[in-house]
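*Asks:* Listed in order, the protein sequences are those of chains A and B.
Take 826 as the starting number for the first sequence in the numbering used here and just add one per residue.
Take 11 as the starting number for the second sequence in the numbering used here and just add one per residue.
Just so you know, even glycine gets a beta-carbon here, dropped at the ideal spot from N, CA and C.
All values reported here derive from a predicted model rather than from experimental measurement.
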Amino acid sequence: MIFDIEYETMPREALESIQLKRLQTVLSHVYATVPFYKKKLDDAGILPGDVKTLKDLQRIPFTTKQDLRDNYPFGMFAVPMANVIRIHASSGTTGQPTVVGYTARDIDTWAGLMARALSAAGASRGDIIHNAYGYGLFTGGLGAHYGAEKLGASVIPVSGGNTKRQAIIMRDFKPTILTATPSYALHLAEAAEEMGISFKDLHFKTGVFGAEPWSEDMREEIERKLNMDAIDIYGLSEVMGPGVSIECIEAKKGLHIFEDHFIPEIINPITDEALPYGESGELVFTTITKEAFPLIRYRTRDITTLNPEPCVCGRTHVRMNKVSGRTDDMLIIRGVNVFPSQIESVLMQVEGVEPHYQLIVDRKDNLDTLTVRVEIGEKLFSDEVKQLQQLESKISKDIKETLGVSTRVQLAEPKSIARSEGKAARVIDNRKI
Amino acid sequence: MQTEQISIFIENKAGRLSDITGILSKADINIRALAVADTSDFGVLRLIVNDNAKAEEALKNSGFTVRKTRVVAAKVDDNPGGLHRILDILKNAGVNVEYMYAFIQQSGDKAIMIFRFDQTDEAIKILLNNSVTVVDGSTLSAL
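#1: Closest by CA to residue 903 of chain A, which one among A:1119, A:973, A:835, A:1066?
#2: So, under 8 Å CB-CB, residue 828 of chain A and residue 940 of chain A are touching, yes? Tell me the CB distance rounded to an integer number of Å.
#3: What do you get for residue 999 of chain A, buried or exposed, if any count of 16 or more other CB atoms within 10 angstroms of its CB means buried?
#4: Exposed or buried, which one is residue 918 of chain A when buried takes at least 16 other CB atoms within 10 Å?
#5: Please give the ranges of any beta strand (DSSP E) in the segment 72-120 of chain B, keeping only runs that are unbroken, at least 3 residues long and fully inside the region.
#6: How many Å lie between residue 136 of chain B and residue 100 of chain B at the Cα?
#7: Please list the partners that residue 1231 of chain A has in chain B, where partner means a Cβ-to-Cβ separation under 9 Å.
#8: Closer than 9 Å between beta carbons: that is the criterion. Which residues of the segment 1202-1219 of chain A meet it against chain B?
#9: Enumerate in chain order the residues of its own chain whose CB-to-CB distance from residue 953 of chain A is below 6 Å, with the five nearest sequence positions on each side excluded.
#10: Using the beta-carbon of each residue, which ones in chain A are nearer than 9 Å to residue 58 of chain B?
#11: Does any residue of chain A have a CB that is nearer than 9 Å to the CB of residue 20 of chain B?
#12: Okay, do the segment 1008-1022 of chain A and the segment 1047-1060 of chain A touch, 3+ Cβ pairs below 8 Å being the bar?
#13: Buried or exposed for residue 148 of chain B, please, with buried defined as at least 16 other CB atoms from any protein chain shown within 10 angstroms of its CB.
#14: May I ask you to report which of helix, strand or coil DSSP gives residue 887 of chain A?
#15: Taking 8 Å as the limit between beta carbons, can you name the residues of its chain near residue 930 of chain A, skipping five residues before and five after?
#16: Hey, how far is the Cα of residue 1084 of chain A from the Cα of residue 928 of chain A?
#17: Would you tell me roughly how many angstroms separate the C-alpha atoms of residue 1240 of chain A and residue 1063 of chain A, rounded to the nearest one?
#18: Whole angstroms is fine: what's the gap from residue 73 of chain B's alpha carbon to residue 1238 of chain A's?
#19: How many Å lie between residue 910 of chain A and residue 1112 of chain A at the Cα?
#20: Can the beta-carbon of residue 1236 of chain A be found less than 9 Å from the beta-carbon of residue 51 of chain B?
#21: Starting from residue 54 of chain B, find everything on chain A with Cβ-Cβ shorter than 9 Å and list it in chain order.
#22: Does residue 1235 of chain A come within less than 9 Å of chain B when only Cβ atoms are used?
#23: Could you give the distance in angstroms between the alpha-carbon of residue 1101 of chain A and the alpha-carbon of residue 1146 of chain A?
#24: Going by alpha carbons, who is nearest to residue 1179 of chain A out of A:1202, A:1196, A:1188, A:1162?
#25: Decide if residue 1195 of chain A is buried, meaning its Cβ has at least 16 other Cβ atoms within 10 Å, or exposed.
#26: Does the count of Cβ pairs from the segment 1069-1081 of chain A and the segment 866-874 of chain A closer than 8 Å reach three?
#27: By the 9 Å beta-carbon criterion, what residues does the segment 107-123 of chain B contribute toward chain A?
#28: Along the chain, which unbroken stretches of the beta strand (DSSP E) at least 3 residues long are found entirely within the segment 1183-1226 of chain A?
#29: Does the segment 1203-1212 of chain A come close enough to the segment 75-82 of chain B to have 3 or more Cβ pairs within less than 8 Å?
#30: Identify the continuous alpha helix (DSSP H) that holds residue 149 of chain B and give its terminal residues.
#31: Can the beta-carbon of residue 1056 of chain A be found closer than 9 Å to that of residue 1068 of chain A?
#32: List the residues of chain A that residue 25 of chain B touches, going by C-beta distances under 9 Å, in chain order.
#33: Could you list which residues in chain B have their beta carbon closer than 7 Å to that of residue 1239 of chain A, in chain order?
#34: Assuming residue 1007 of chain A is part of the alpha helix (DSSP H), what are its boundary residues?
#35: Taking three-plus beta-carbon pairs below 8 Å as touching, is the segment 1212-1225 of chain A in contact with the segment 25-39 of chain B?
#36: Counting only runs of 4+ residues fully inside the segment 848-904 of chain A, write out the alpha helix (DSSP H) ranges in chain order.
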């Protein structure tokens, strides 16, 4: 169901005219109230009044995560502290946390957008929402909570953790909607199973999963194991929190971005140029209704594409595809952008391959080479060398077809690739540039 | 009539073969025959040992990828043309030899060759019909 029929199905022309008006307002606002933006615009030689079309937005400099860190904690706030009624902060796993603030109107806007999101996933008044996103500085728990209340659903603020109690609540309170990170949802299913509680006997119809990237394969797994529709939700605390974009239950193909509040762009992360619809690049957001913490051309470092095609659900807002990677992990091999996650998804398509791999980048005679080391388990091991070589060339061919980059595939002994060091060990870049 | 062989995946790096012989020696396993097939990146080590189950367990516990394969051990006349006679029989029957290697010990005046065929059962039948002696696994271990 569409929660806000007027705005969510607004014809593009009307939507774009609202976007421009709101963009102009927010630009004058930040120019007057945030020294960081005033300096950025002055240095770039552009004034808020110079922005006459949506395309003019491209002349404005980007804002980065580093800018937010440099202005820690409240330097980017655009209203007096007395007007801020809520503060959230990102986890800061890669450095200093980033702090965001909300006015009363911001909280109301957010609740409205989250209500739209839940509604797009099939929730409505009368549903019981089991909200297993963490409550606290993280935006997930409270974001989903306020949206659920705005929608008029009954919300169980169970938060993260204490998995056994969650399973009992799911059995006894009979919630119909689950909101959680996808990895926690799978954990919950395993724990419930161990306690003799099967998701088949529960009352869930839909789960709204986000706050971490997840693949189509994982969607299938969740839908099978948890016996519910799995919907992807996207958001980041800097931009607002959960509810920036959502898949509709009708299509489950791409996440509608609420464009009356956010202007999305896709840029080439190397050259910084704006890319047309359909091309893969870094997602950039400008918030056009937020008061306390507006963001202008904020680089999310998430890689995706935008799809403007009309959707069966009736929404006119552009769809972003599932996030396929992060610019932080991106490798450039002979000019081709390669994400470890893309290689992983090719490997997972090959029967019997385990997700233990390593990418080694080298430069020989001024040419980049990419070696993919794949551990060979018992399922794949053949006693015959030619079959193993066929396997290597099959993987190499699949990668070439999907990513357009030539690789050398090397089979490796089991457990020879480091496990515990996390993402970093996946890629070894030996290039001296 | 067939024999079991153990195949192990090894990366081409220094010391890997000695790691394996070390594990087998510690498990008190005697290697009766072996062959290595290799490429520039990796190799497959094929072994006939006196106790397959024990060898497989010891190697798996040390994290190796191990697999058992069915091979055929056949007695070959230890004189000029001995091996050729057998290969000729197989060629005429259209049986493909994937690979082969020699067993270290002789059996009387005969040499023993280990063969890997694409159709193991068919190959055994043809060899027996042509009065070639095929040695089964337990006899081989006892040699």
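*Replies:* Let me lay it out:
#1: Nearest option by C-alpha distance: A:1119.
#2: With 8 Å as the limit, residue 828 of chain A and residue 940 of chain A qualify as a contact, their Cβ atoms being about 5 Å apart.
#3: So residue 999 of chain A counts as exposed.
#4: Note that residue 918 of chain A has pLDDT 49, beneath the 50 cutoff, so the model's placement of it is unreliable and no number is given.
#5: Those beta strand (DSSP E) runs which fall completely within the segment 72-120 of chain B and span 3+ residues are 76-87, 107-112.
#6: Near 7 Å, if we compare the C-alpha coordinates of residue 100 of chain B and residue 136 of chain B.
#7: Identification of chain B residues near residue 1231 of chain A by a Cβ-Cβ cut-off of 9 Å yields none; the smallest Cβ-Cβ distance measures about 16 Å.
#8: Per Cβ criterion, the list reads 1202, 1203, 1205, 1206, 1207, 1208, 1209, 1210, 1211, 1213, 1214, 1217.
#9: Only 979, 1000, 1001 meet the Cβ criterion.
#10: By Cβ distance, chain A contributes nothing, its closest Cβ being about 13 Å from residue 58 of chain B, past 9 Å.
#11: True, the Cβ-Cβ gap to chain A drops below 9 Å.
#12: Yes, since at least three Cβ pairs between the segment 1008-1022 of chain A and the segment 1047-1060 of chain A fall closer than 8 Å, the two stretches touch.
#13: Exposed, by the Cβ-count rule.
#14: Under the three-state reduction of DSSP, residue 887 of chain A is assigned to coil, being neither helix nor strand.
#15: Leaving aside the five residues that flank residue 930 of chain A on each side, the residues in its chain whose CB is nearer than 8 Å to its CB run, in chain order, 1116.
#16: Rounded to whole angstroms, residue 1084 of chain A to residue 928 of chain A spans 20 Å at the Cα level.
#17: Answer to the nearest angstrom: the Cα atoms are 39 Å apart.
#18: Our two residues, residue 73 of chain B and residue 1238 of chain A, have alpha carbons roughly 8 Å apart in a direct line.
#19: Their backbone Cα atoms lie some 19 Å apart in a straight line.
#20: Yes; because the gap between Cβ atoms is below 9 Å, this pair is in contact.
#21: Simply 1206, 1207, 1208, 1209, 1210, 1213.
#22: Taking CB atoms only, residue 1235 of chain A has a neighbour in chain B less than 9 Å away.
#23: Taken atom to atom, the span from the alpha-carbon of residue 1101 of chain A to that of residue 1146 of chain A is near 14 Å.
#24: Comparing Cα-Cα distances from residue 1179 of chain A to each of A:1202, A:1196, A:1188, A:1162, the minimum goes to A:1202.
#25: A residue is called buried when at least 16 other Cβ atoms come within 10 angstroms of its Cβ; residue 1195 of chain A meets this threshold and is buried.
#26: Too few Cβ pairs lie closer than 8 Å, so no.
#27: From the segment 107-123 of chain B, only 108, 109 have a Cβ closer than 9 Å to chain A.
#28: Taking only runs of at least 3 residues, the beta strand (DSSP E) segments lying wholly in the segment 1183-1226 of chain A are 1192-1200.
#29: Yes: the two stretches touch, three or more of their Cβ pairs being nearer than 8 Å.
#30: Per DSSP, the continuous alpha helix (DSSP H) segment holding residue 149 of chain B begins and ends at 147-152.
#31: In this structure, residue 1056 of chain A sits away from residue 1068 of chain A, with a CB-CB distance that is not shorter than 9 Å.
#32: Correct list: empty, because the minimum Cβ distance to chain A is about 13 Å.
#33: Result: 73, 75.
#34: Segment 1007-1019, the alpha helix (DSSP H) holding residue 1007 of chain A.
#35: Output reads no: the segment 25-39 of chain B does not touch the segment 1212-1225 of chain A.
#36: Annotation: the segment 848-904 of chain A contains the following complete segments of the alpha helix (DSSP H) (minimum length 4 residues), in chain order: 860-869, 890-895.
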